[in-house]
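**Student:** Chains as they are written, first to last, in the working numbering: chain X, 1 to 231; chain G, 232 to 641.
Input: one structure, supplied below.
Written out as structure tokens, the structure reads:
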């Protein structure tokens with residue numbers, strides 16, 4: 001067996017507590033795992049299990065209360081809000097259940113959005129947008145607005161937006177939750193294709209059927225993370 | 232620069248997205264700016280008129296010497312009082328170097344002019360050529376008095392435009408013709424410019440047209456045989472020398488009159504002081520109006536921005552998720568507020584220009600507002616300031632939103 005791929009993210013005993021009224025809720029307890037380059041992983045758990053909290057920490061939307069997070073080997077546990085925004089702009093691509101496109105912007109402008117928040121906008125911005133649109137097969141709809149697209153098309157645009165900054169990780173939160181079975185299958189196929197091209201992809205879902213498509217599964221229950229068997 | 236531009240473009244998109252609401256807010260700013268520019272225009276018009284009328288009366292450097300009754304403690308000496316004479320003018324010229332114009336004047340009110348069948352009553356003044364400088368008269372045609380006119384006590388006369396109108400047929404050239412003054416023929420050697428500044432239909436400068444001048448020597452020997460002057464007006468070389476000149480002139484005159492204080496020496500300072508204090512009052516009042524307008528526009532903008540943030544929590548969440556920093560969000564919202572107020576400001580300046588032009592054709596020139604360039608700068612600065620100030624609070628609110636909460640928001 002060859003040497004393991006370089007690690008992207010490593011969590012060591014990461015915990016997250018929220019004050020809720022008089023009590024404190026442990027949303028995440030001692031989560032430890034390593035995510036390597038090129039992995040195709042599902043985080044599986046029922047609603048309220050803590051999987052959203054885990055995704056927020058992986059996506060730098062939130063900081064952990066305890067424990068250590070390493071990104072590319074560097075400890076990044078406590079970043080300021082501004083620093084986390086920079087990481088999101090340059091290293092993470094998000095895909096959401098509700099697509100979350102900006103309705104007033106065209107498809108192209110939606111895809112371009114993350115680039116406008118880059119510290120130094122890349123010189124090949126236009127080419128990157130074209131590439132991302134071609135990858136999800138949405139070039140012909142570049143000048144439409146999200147309202148004129150079907151659900152599957154909107155999710156493709158959202159995926160293009162997540163890819164345009166060439167992120168280290170593509171994070172998807174229930175990406176097929178709002179789609180019919182056939183469209184959902186097409187989106188999953190797109191993820192598989194992207195992974196085959198080398199993207200590191202993490203999908204959060206409550207459906208074990210969808211999780212079954214992924215090579216690696218993490219189960220989250222009551223804030224505790226356990227490794228599931230490879231499919 | 233590119234970011235600012237894209238911020239403004241984005242702001243325009245948002246404004247277009249809420250047409251009615253944005254229009255109402257823009258109207259707030261527009262009316263605020265317009266009312267301020269028009270108010271300033273009215274003040275400019277009013278004060279420039281006042282300032283000019285002060286200038287027409289000789290400006291602030293003018294010193295008026297006029298005779299008056301002796302004070303009570305000197306009353307028994309009344310028979311010794313001889314009033315102003317031409318000698319006093321000579322003494323002032325010799326002894327007070329800070330005066331650059333000295334104008335002795337003898338009045339002949341209600342003098343009868345006649346020419347053929349035309350008769351006219353007018354105020355004639357016996358003067359030197361200093362009168363033209365001190366009271367701002369300009370000869371439109373003909374000439375001033377010459378040294379020979381004074382030496383010969385010549386029968387020559389310079390007429391105001393109203394006198395010309397009364398004594399000559401339209402189109403008739405008065406120069407070189409004769410008029411009868413108190414039964415003697417006088418040669419017309421000059422005609423004064425016509426002065427006009429309307430306040431309503433009333434010409435506030437008509438007094439400058441209803442006048443005629445003869446050499447002071449002619450007046451003193453032929454028309455009013457007297458050596459008493461009605462006025463001895465002076466002008467200081469410079470405003471800074473005014474006080475000094477008044478004191479020096481008073482001393483010289485007291486010495487000339489052997490200690491009898493049968494004269495007063497006054498200046499236009501009182502008028503100037505009331506001018507300044509009125510102007511200050513107007514400026515304070517105007518600033519208060521501007522301040523209220525600023526507040527109203529600011530409230531309008533802030534209201535719109537707060538409402539718009541409530542609607543756009545999700546958008547803010549999305550932008551943050553794809554990498555917008557709090558500062559990116561903050562500047563986006565400030566740019567929107569500034570764009571909004573800038574449109575209002577430009578529209579307001581446009582409305583103000585229209586209103587001032589319109590008022591200029593309807594109102595008489597004396598009371599019409601002026602287009603003051605400074606008002607545009609202020610109006611512009613004002614709208615941008617309102618936009619920035621009103622945008623800051625909503626923008627901070629937007630920047631503070633937690634992206635996780637914002638994304639969950641329906």
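Yeah, the Cβ is synthetic: ideal placement off N, Cα and C, and Gly gets one too.
Cutting at 8 Å between CB atoms, please list the residues of its own chain near residue 98 of chain X, excluding the five before and the five after it.
**Tutor:** Here residue 98 of chain X corresponds to residue number 98 of the first chain, with the count starting at 1. Excluding residues within five positions, the ones whose Cβ falls inside 8 Å are 178.
**Student:** Just the C-alpha distance for residue 33 of chain X and residue 640 of chain G, rounded to the nearest angstrom, thanks.
**Tutor:** On the first chain, position 33 is the one that residue 33 of chain X refers to. On the second chain, position 409 is the one that residue 640 of chain G refers to. Taking the straight line joining both Cα atoms gives about 31 Å.
**Student:** Could you give the first and the last residue of the continuous beta strand (DSSP E) run that contains residue 495 of chain G?
**Tutor:** Translated into the one-based positions of the second chain, residue 495 of chain G becomes position 264. Start and end: 494-498.
**Student:** Can you check whether the C-beta of residue 539 of chain G is within less than 8 Å of a C-beta belonging to chain X?
**Tutor:** Walking along the second chain from the start, residue 539 of chain G turns up at place 308. It does not: the Cβ of residue 539 of chain G has no partner Cβ on chain X nearer than 8 Å.
**Student:** Ignore the nearest five residues each way along the sequence and tell me which others in residue 50 of chain X's own chain have a CB closer than 6 Å to its CB.
**Tutor:** Counting from 1 along the first chain, the entry for residue 50 of chain X is found at position 50. Around residue 50 of chain X: 27, 28, 220 and 223.
**Student:** Decide yes or no for the touch test of the region 253-272 of chain G against the region 472-486 of chain G: beta carbon pairs closer than 8 Å, at least 3 of them.
**Tutor:** At 8 Å Cβ cutoff, the stretches do not touch.
**Student:** Where residue 330 of chain G and residue 292 of chain G are concerned, what is the direct C-alpha to C-alpha distance, given to the nearest angstrom?
**Tutor:** Taking the second chain and counting its residues from 1, the one referred to as residue 330 of chain G is at position 99. Taking the second chain and counting its residues from 1, the one referred to as residue 292 of chain G is at position 61. Approximately 10 Å between the Cα atoms of the pair.
**Student:** Return the first residue and the last residue of the beta strand (DSSP E) that residue 351 of chain G is part of.
**Tutor:** Working through the second chain from its first residue, we reach residue 351 of chain G at position 120. Residue 351 of chain G -> beta strand (DSSP E) spans 349-358.
**Student:** Rounded to a whole number of angstroms, what is the C-alpha to C-alpha distance between residue 161 of chain X and residue 115 of chain X?
**Tutor:** As a working mapping, residue 161 of chain X is identified with position 161 in the first chain. As a working mapping, residue 115 of chain X is identified with position 115 in the first chain. Cα to Cα, residue 161 of chain X sits roughly 9 Å from residue 115 of chain X.
**Student:** On the DSSP letters alone, give me the boundaries of the beta strand (DSSP E) that residue 217 of chain X sits inside.
**Tutor:** Numbered from its first residue, the first chain carries residue 217 of chain X at position 217. Element bounds for residue 217 of chain X: 216-221.
**Student:** Name the chain G residues that come within less than 7 Å of residue 102 of chain X, Cβ to Cβ?
**Tutor:** Numbered from 1 along the first chain, position 102 holds the residue referred to as residue 102 of chain X. What residue 102 of chain X touches in chain G: 546 and 549.
**Student:** Does residue 18 of chain X pass the burial test, meaning 16 or more other C-beta atoms within 10 Å, or should it be called exposed?
**Tutor:** Counting from 1 along the first chain, the entry for residue 18 of chain X is found at position 18. Flag for residue 18 of chain X reads exposed.
**Student:** Can you tell me the Cβ-Cβ gap for residue 227 of chain X and residue 205 of chain X, rounded? I've got them flagged as a contact below 8 Å.
**Tutor:** What you label residue 227 of chain X is simply residue 227 of the first chain in a count that begins at 1. What you label residue 205 of chain X is simply residue 205 of the first chain in a count that begins at 1. So it is not a contact: roughly 16 Å between Cβ atoms.
**Student:** Taking residue 42 of chain X and residue 214 of chain X to be in contact with their CB atoms under 8 Å, please state how far apart those CB atoms are, rounded to whole angstroms.
**Tutor:** Numbered from 1 along the first chain, position 42 holds the residue referred to as residue 42 of chain X. Numbered from 1 along the first chain, position 214 holds the residue referred to as residue 214 of chain X. Rounded, the Cβ-Cβ distance is 4 Å, consistent with contact.
**Student:** Name the residues in the region 553-582 of chain G whose C-beta lies less than 9 Å from a C-beta of chain X; which are they?
**Tutor:** Listed in chain order, the positions of the region 553-582 of chain G with a beta carbon within less than 9 Å of a beta carbon of chain X are 553, 554, 555, 556, 557, 558 and 559.
**Student:** Between which residues of its own chain and residue 560 of chain G is the CB-CB distance below 8 Å, once the five residues before and five after are set aside?
**Tutor:** For the purposes of this step, residue 560 of chain G is identified with residue 329 of the second chain, where counting begins at 1. Here the set comprises 547, 550, 551, 626, 629, 630 and 632.
**Student:** Report yes or no: is there a C-beta of chain X within less than 8 Å of the C-beta of residue 600 of chain G?
**Tutor:** The residue labelled residue 600 of chain G in the question sits at position 369 within the second chain. Taking Cβ atoms only, chain X never reaches closer than 8 Å to residue 600 of chain G, which makes this a no.
**Student:** Which runs of the beta strand (DSSP E) spanning at least 3 residues fall entirely within the region 112-192 of chain X, listed in chain order?
**Tutor:** Counting whole runs of 3 or more residues, the region 112-192 of chain X contains the beta strand (DSSP E) stretches 169-173.
**Student:** Can you give the Cα-Cα distance for residue 511 of chain G and residue 332 of chain G, rounded to whole angstroms?
**Tutor:** Looking up residue 511 of chain G in the second chain gives position 280. Looking up residue 332 of chain G in the second chain gives position 101. Their backbone Cα atoms lie some 32 Å apart in a straight line.
**Student:** With which residues is residue 66 of chain X paired in a DSSP beta bridge?
**Tutor:** Indexing the first chain from 1 puts residue 66 of chain X at position 66. Looking at the DSSP assignment, residue 66 of chain X forms a beta bridge with X/15.
**Student:** Using a Cβ-Cβ cut-off of 6 Å (strictly less than) and excluding sequence neighbours within five positions of residue 287 of chain G, which residues of its own chain qualify?
**Tutor:** Within the second chain, residue 287 of chain G is the residue found at index 56, counting from 1. Excluding positions up to five away in sequence, the list reads 367.
**Student:** Go through the region 452-536 of chain G residue by residue and report every complete run of the alpha helix (DSSP H) that reaches 4 residues or more, in order.
**Tutor:** 473-487
**Student:** Roughly how many whole angstroms lie between the Cα atoms of residue 70 of chain X and residue 10 of chain X?
**Tutor:** Against the first chain, residue 70 of chain X aligns to sequence position 70. Against the first chain, residue 10 of chain X aligns to sequence position 10. Approximately 5 Å between the Cα atoms of the pair.
**Student:** Counting C-beta neighbours from all protein chains within 10 Å, is the total for residue 90 of chain X 16 or more, i.e. buried, or is it exposed?
**Tutor:** Mapped onto the first chain, residue 90 of chain X falls at position 90. Residue 90 of chain X comes out buried.
**Student:** Please report the straight-line C-alpha distance between residue 218 of chain X and residue 225 of chain X, rounded to a whole angstrom.
**Tutor:** As a working mapping, residue 218 of chain X is identified with position 218 in the first chain. As a working mapping, residue 225 of chain X is identified with position 225 in the first chain. Distance between the alpha carbons of residue 218 of chain X and residue 225 of chain X is about 7 Å.
**Student:** Could you please give the first and the last residue of the uninterrupted alpha helix (DSSP H) stretch that includes residue 550 of chain G?
**Tutor:** Translated into the one-based positions of the second chain, residue 550 of chain G becomes position 319. Here the alpha helix (DSSP H) through residue 550 of chain G covers 544-552.
**Student:** I need the straight-line Cα distance from residue 439 of chain G to residue 574 of chain G, nearest angstrom please.
**Tutor:** Translated into the one-based positions of the second chain, residue 439 of chain G becomes position 208. Translated into the one-based positions of the second chain, residue 574 of chain G becomes position 343. The straight-line gap from Cα to Cα measures roughly 49 Å.
**Student:** Keeping to the same chain, check which residues put their C-beta closer than 7 Å to that of residue 467 of chain G; ignore five residues upstream and five downstream.
**Tutor:** Counted from its first residue, the second chain places residue 467 of chain G at position 236. Within the same chain, residue 467 of chain G has close Cβ partners 292, 294, 329, 330, 473 and 476.
**Student:** Can you give me the C-alpha to C-alpha distance between residue 589 of chain G and residue 526 of chain G, rounded to a whole angstrom?
**Tutor:** Here residue 589 of chain G corresponds to residue number 358 of the second chain, with the count starting at 1. Here residue 526 of chain G corresponds to residue number 295 of the second chain, with the count starting at 1. If I take the Cα positions, the gap works out to 28 Å.
**Student:** Residue 351 of chain G and residue 397 of chain G - do their beta-carbons sit closer together than 8 Å?
**Tutor:** The residue given as residue 397 of chain G occupies position 166 in the second chain. The residue given as residue 351 of chain G occupies position 120 in the second chain. Contact flag set, yes.
**Student:** Between G/258, G/605 and G/285, which lies nearest to residue 428 of chain G when the distance is taken from Cα to Cα?
**Tutor:** To locate residue 428 of chain G, count along the second chain from 1; it is residue 197. Per the Cα distances, G/285.
**Student:** Could you name the residues of the same chain whose beta carbon sits closer than 6 Å to that of residue 358 of chain G, not counting the 5 residues immediately before and after it, in chain order?
**Tutor:** Residue mapping note: residue 358 of chain G aligns to position 127 of the second chain, counting from 1. Around residue 358 of chain G: 336, 444 and 447.
**Student:** Check residue 380 of chain G in the structure and name its three-state DSSP category.
**Tutor:** The sequence position of residue 380 of chain G within the second chain is 149, counting from 1. Residue 380 of chain G falls in the helix class under three-state DSSP.
**Student:** For residue 248 of chain G, return the contacting residues in chain X, with the cut-off set at a CB-CB distance below 7 Å.
**Tutor:** Along the second chain, read from residue 1 onward, the residue named residue 248 of chain G stands at position 17. By Cβ distance, chain X contributes 104.
**Student:** In the structure shown, what three-state DSSP assignment does residue 327 of chain G receive?
**Tutor:** As a working note, residue 327 of chain G is residue 96 in the second chain. Coil at residue 327 of chain G, not helix or strand.
**Student:** Would you grab the beta carbon distance between residue 371 of chain G and residue 423 of chain G for me? Rounded to a whole angstrom, and I think it's under 8 Å.
**Tutor:** In the second chain, counting from the first residue as 1, residue 371 of chain G sits at position 140. In the second chain, counting from the first residue as 1, residue 423 of chain G sits at position 192. Between residue 423 of chain G and residue 371 of chain G the Cβ distance is about 6 Å, and since that is below 8 Å, they are a contact.
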